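Trainee:
In the numbering used here, the protein residues as written are 2 to 395.
#1: Can you tell me the Cα-Cα spacing of residue 193 and residue 177, whole angstroms?
#2: DSSP three-state label for residue 431, please.
#3: Give the secondary structure of residue 166 by DSSP, where H, G and I count as helix, E and B as strand, and everything else as coil.
#4: Which residue marks the beginning of the beta strand (DSSP E) containing residue 319, and which one marks its end?
#5: Which stretch, first to last residue, makes up the beta strand (DSSP E) that contains residue 325?
#6: What are the boundary residues of the alpha helix (DSSP H) that residue 88 is part of?
#7: In chain order, what residues of the same chain have a beta carbon less than 8 Å from the beta carbon of residue 9, not counting five sequence neighbours either side?
#8: For residue 272, which of 57, 378 and 215 has the nearest alpha-carbon?
#9: If you drop the 5 nearest sequence neighbours on each side, which residues of the same chain put their C-beta closer than 6 Å to that of residue 250?
#10: Would you kindly check if the distance between the Cβ of residue 213 and the Cβ of residue 317 is under 8 Å?
#11: Suppose you measure from the CA of residue 242 to the CA of residue 175; what does that come to, to the nearest Å?
#12: Can you confirm whether residue 109, when its beta carbon is compared against all beta carbons of chain C, has any partner nearer than 8 Å?
#13: Are the segment 129–141 and the segment 40–60 in contact at 8 Å, needing three or more beta carbon pairs?
#14: Between the Cα of residue 262 and the Cα atoms of 268, 78 and 247, which residue gives the shortest distance?
#15: Considering only the alpha carbon of each residue, which of 383, 103, 351 and 302 lies closest to residue 336?
#16: Just to confirm my understanding: we take residue 172, look at its own chain, exclude 5 residues before and 5 after, and list those with CB closer than 7 Å. What are they?
#17: Report, in whole angstroms, the separation of the C-beta atoms of residue 384 and residue 264, which I expect to be a contact under 8 Å.
#18: Which complete beta strand (DSSP E) runs does the segment 211–271 hold, if anything under 3 residues is left out?
#19: Using CA atoms only, rank isn't needed, just tell me which of 330, 210, 217 and 187 is closest to residue 254.
#20: Could you check where the alpha helix (DSSP H) with residue 195 kicks off and where it finishes?
#21: Tell me whether residue 352 sits in a helix, a strand or coil according to DSSP, three-state version.
#22: Considering only the alpha carbon of each residue, which of 74, 102 and 2 lies closest to residue 84?
#23: Below 8 Å, can you find three or more Cβ-Cβ pairs linking the segment 29–40 to the segment 115–132?
#24: Using the Cα positions of residue 116 and residue 52, report the straight-line distance between them to the nearest angstrom.
#25: Could you pull out every residue in the same chain whose Cβ sits closer than 7 Å to the Cβ of residue 224, ignoring the five residues on either side in sequence?
#26: Return helix, strand or coil for residue 178, following the three-state DSSP convention.
#27: Less than 7 Å between C-beta atoms, sequence neighbours within five positions excluded: which residues of the same chain meet that for residue 159?
#28: Exposed or buried, what is residue 6 when buried is set at 16 or more other beta-carbons lying within 10 Å of its beta-carbon?
#29: Residue ranges of each alpha helix (DSSP H) run of no fewer than 4 residues wholly in the segment 4–71, ordered along the chain?
#30: Taking all protein chains shown into account, do 16 or more other C-beta atoms lie within 10 angstroms of the C-beta of residue 106, making it buried, or fewer, making it exposed?
#31: Rounded to whole angstroms, what is the Cα-Cα separation between residue 296 and residue 349?
#32: For residue 1, which of helix, strand or coil comes out of DSSP?
#33: Run through the DSSP bridge pairs and tell me what residue 186 is partnered with.
#34: Note down the Cα distance separating residue 93 from residue 80, rounded to an integer number of angstroms.
#35: By DSSP, does residue 119 sit in helix, in strand, or in coil?
#36: Rounded to whole angstroms, what's the CA-CA distance from residue 226 to residue 292? Just pull it up for me.
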């Protein structure tokens, strides 16, 4: 490591000094050049790669250069100090100014000559630094190109996956989609060539599509079962004159009239395998995580609306005044929204520290293993139905 040092004498700005200083020093601000030329010397680190012999030669030339410049500067400073008083005296000011001008010219001649002798070394160092910078720039450009190629390939894999996934909902000759055929239990005698080109292994793709139909049906049935159970309970409550209804007060300033509904989710089938869909390429995106929101509330408020409908509610809050305070309110869902929320169908790849617009959202029912997904949604539906049947009996 070296230091590129720059300096100008305050009385002779026309002869700037630039020297590459190689002797090892803890800090150029307290190093030999600063001591020799004064606080006007400034520097910054550079690192020209060189052999030991080259470094020794460059160091010797730099030392000789700095010593000559320092000697010339010392002589100019002495003349300036001696004539300072006389340059302000009217009778001898011209003589003093002339002496200073001669000293400045002598300084400029000495420094110019020293700079000319040092110039080959300075050029050699700067050429070496330019070569290194060109190499660094070329390598950086090659790395950018490599990453761009890798990104294009990764994005191409993702787009190919998207096209393969979209085939399930493309209309085939005959006016039906592969998903509709799978739902009806049928299949064409021969798949169109464009379908085969997009999906590759038709048997594997078709098996996955039929599994997705199983998952979707199970989810739709679970949602419908929960809605029917809640509607039956609310109808029973209305018929009985809404027994047990109470005033619900929490952090939100507005109170509700309704019933607390409590759920127990212990012992549900495991869903760890649902947290990440298989074989979905996202290498073209920033580093992130797959999210499958299986959060289930332990306690909600069932409250009647002024139109005769029923809604579910839970207390929530949000920051205001740049986080200095919080606003509390009720988060509300219709019965249908509540039932749908129990069985989320979207798994999301969320990039860390990046915009949500680039996140990838995938229907979980299209990729979940029915052996895991179906028992889970059926178990959740049974728990909810049991809670509302118990509420209706109470």
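Quick reminder that beta carbons are idealized off the backbone N, C-alpha and C, glycines included.
All figures in this text were calculated on a predicted structure; none of them were measured in a lab.
Mentor: Concretely, from the data shown:
#1: Cα-Cα distance, rounded: 13 Å.
#2: This structure cannot speak to residue 431, because the chain is shown only from 2 to 395.
#3: It is helical.
#4: For residue 319, the uninterrupted beta strand (DSSP E) segment begins and ends at 311–321.
#5: Taken as a continuous stretch (DSSP letters only), residue 325 belongs to no beta strand (DSSP E), as it is neither H nor E.
#6: Following the DSSP letters along the chain, one finds residue 88 in no alpha helix (DSSP H), marked with neither H nor E.
#7: For residue 9, same chain residues with a beta-carbon under 8 Å away, outside a window of 5 residues either side, are 16, 17, 18 and 41 in chain order.
#8: The candidate whose alpha carbon is nearest that of residue 272 is 378.
#9: Taken in chain order, the residues that qualify are 256.
#10: Contact: no.
#11: The straight-line gap from Cα to Cα measures roughly 55 Å.
#12: Reference to chain C is not applicable here, since this structure consists of a single protein chain.
#13: Contact between the segment 129–141 and the segment 40–60 is present, because at least three Cβ pairs lie under 8 Å.
#14: Selection 268, 78 and 247 evaluated against residue 262 yields 247 as nearest (Cα-Cα).
#15: Selected option, being the one with the closest Cα: 302.
#16: Taken in chain order, the residues that qualify are 178.
#17: About 6 Å separates the two Cβ atoms, so the contact holds.
#18: Within the segment 211–271, the complete beta strand (DSSP E) runs of at least 3 residues are 247–249 and 257–263.
#19: Ranking the options by Cα distance to residue 254, first place goes to 330.
#20: 194–200 is the extent of the alpha helix (DSSP H) around residue 195.
#21: DSSP places residue 352 in strand when its eight states are reduced to three.
#22: Out of 74, 102 and 2, 102 has the C-alpha closest to the C-alpha of residue 84.
#23: Output reads no: the segment 115–132 does not touch the segment 29–40.
#24: Those two C-alpha atoms are separated by around 24 Å.
#25: These residues qualify, in order along the chain: 340, 341 and 344.
#26: It is coil, neither helix nor strand.
#27: Result list for residue 159: 282, 283 and 285, in chain order.
#28: It is buried - the Cβ of residue 6 has at least 16 other Cβ atoms within 10 Å.
#29: Counting whole runs of 4 or more residues, the segment 4–71 contains the alpha helix (DSSP H) stretches 33–38.
#30: Under this definition residue 106 is an exposed residue.
#31: Straight through space, the alpha carbons of residue 349 and residue 296 are spaced by roughly 14 Å.
#32: Nothing about residue 1 can be read from this structure; the chain reaches only from 2 to 395.
#33: Paired residues: none, contrary to the question.
#34: Approximately 15 Å, taken between the alpha carbons.
#35: Residue 119 falls in the helix class under three-state DSSP.
#36: Looking at the two C-alpha atoms, the distance is approximately 26 Å.
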